[in-house]
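K.L.:
Just add 543 to the spot in the sequence shown (first one is 1) and you have this note's numbering. Yeah, the Cβ is synthetic: ideal placement off N, Cα and C, and Gly gets one too. No experiment lies behind these values; they were computed from the predicted model shown. Below you'll find the structure I mean.
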Amino acid sequence: MTSAIDSLMSFIKSLGVDQLAVIAVEDIQFNEDFRKQCEQNSCGSYNKNWMCPPALGSIEELKEQALKFKQGLLFQTVYQLEDSFDYEGMQEGTENHTKILRKVLDNIKSTKILKEFLPLNVGPCTFCGKCTFLDGKECRFPDEAVSSVEAYGIDVMALEKSCGMSYNNGKNTISCISLILF
Ligand code: SF4
Numbered sequence: 544m545t546s547a548i549d550s551l552m553s554f555i556k557s558l559g560v561d562q563l564a565v566i567a568v569e570d571i572q573f574n575e576d577f578r579k580q581c582e583q584n585s586c587g588s589y590n591k592n593w594m595c596p597p598a599l600g601s602i603e604e605l606k607e608q609a610l611k612f613k614q615g616l617l618f619q620t621v622y623q624l625e626d627s628f629d630y631e632g633m634q635e636g637t638e639n640h641t642k643i644l645r646k647v648l649d650n651i652k653s654t655k656i657l658k659e660f661l662p663l664n665v666g667p668c669t670f671c672g673k674c675t676f677l678d679g680k681e682c683r684f685p686d687e688a689v690s691s692v693e694a695y696g697i698d699v700m701a702l703e704k705s706c707g708m709s710y711n712n713g714k715n716t717i718s719c720i721s722l723i724l725f
């Protein structure tokens, strides 16, 4: 398993991520406050996406799912913004980060390096242009649907701290993270 993870980590590094670490699932702190941010519609996707609350399930159910895994691969990308109001830059950074996550997931699936895994990203699932949740239809690509660390109530700052990763990467930057539990 170690050499498989090493080769996956090499692949992730080759995609240009800024920070990468293996974390222990027992180090994840779950906090309802992060989930409440979803419920307060802080990113505008509450009740609009299959991979967001409330469709995704309660924080207790999601925590139980996450705790079935032992480890996780946490990676971070950092993007420069023009200023702290650079919404376009933030969106572009998140989109670029998500493209990297998709490449990682394609690699995991094609190499079958991990038998079971749970990927978590930032924000809602954006695999389809428009989530079918909005039309009251079932998810079109359940094997591609990805939820977020926020929906699972994961304290990202504490997790990054636990593995020596920096959370804030300087003035006018956006830092995006993904976590793949395995
Ligand atoms: S795969 Fe498509 S339909 Fe399913 S959650 Fe993601 S965006 Fe929505």
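Could you give the distance in angstroms between the alpha-carbon of N639 and the alpha-carbon of E631?
P.N.:
For this step, residue 639 is matched to residue 96 along the sequence shown. For this step, residue 631 is matched to residue 88 along the sequence shown. Each residue's alpha carbon lies about 12 Å from the other.
K.L.:
Quick one: residues in its chain with C-beta nearer than 7 Å to the C-beta of F577, no 5 flanking neighbours on either side, listed in chain order?
P.N.:
Walking along the sequence shown from the start, residue 577 turns up at place 34. These residues qualify, in order along the chain: E693, G696, I697, D698.
K.L.:
Go to C682, then tell me how far its alpha helix (DSSP H) extends in each direction, as first and last residue.
P.N.:
Mapped onto the sequence shown, residue 682 falls at position 139. Careful: C682 lies outside any alpha helix (DSSP H) and carries neither H nor E.
K.L.:
Within 10 angstroms of its Cβ, does S588 collect 16 or more other Cβ (buried), or is it exposed?
P.N.:
Position 45 of the sequence shown, counting from 1, holds the residue named residue 588. Counting Cβ neighbours within 10 Å, S588 comes out buried, since at least 16 surround it.
K.L.:
Entirely within the segment 645-702 and at least 3 residues each: give me those beta strand (DSSP E) ranges in chain order.
P.N.:
For the segment 645-702, whole beta strand (DSSP E) runs of length 3 or above, ordered along the chain, are 661-664.
K.L.:
For the segment 576-648, which segments carrying the beta strand (DSSP E) assignment without a break, of at least 3 residues, lie completely within its bounds, in sequence order?
P.N.:
With a minimum length of 3 residues, the continuous beta strand (DSSP E) runs that stay inside the segment 576-648 are 614-623.
K.L.:
L663 and F722 - do their beta-carbons sit closer together than 7 Å?
P.N.:
As a position in the sequence shown, residue 722 is number 179, starting the count at 1. As a position in the sequence shown, residue 663 is number 120, starting the count at 1. A quick correction: the sequence has Leu, not Phe, at residue 722. Yes, the pair counts as a contact, with Cβ atoms nearer than the cut-off.
K.L.:
Straight-line CA distance for L558 to T545?
P.N.:
Position 15 of the sequence shown, counting from 1, holds the residue named residue 558. Position 2 of the sequence shown, counting from 1, holds the residue named residue 545. Distance between the alpha carbons of L558 and T545 is about 20 Å.
K.L.:
Cβ of I720 within 7 Å of Cβ of Q619?
P.N.:
Taking the first residue of the sequence shown as 1, we reach residue 720 at position 177. Taking the first residue of the sequence shown as 1, we reach residue 619 at position 76. Yes, the Cβ-Cβ distance between I720 and Q619 is below 7 Å.
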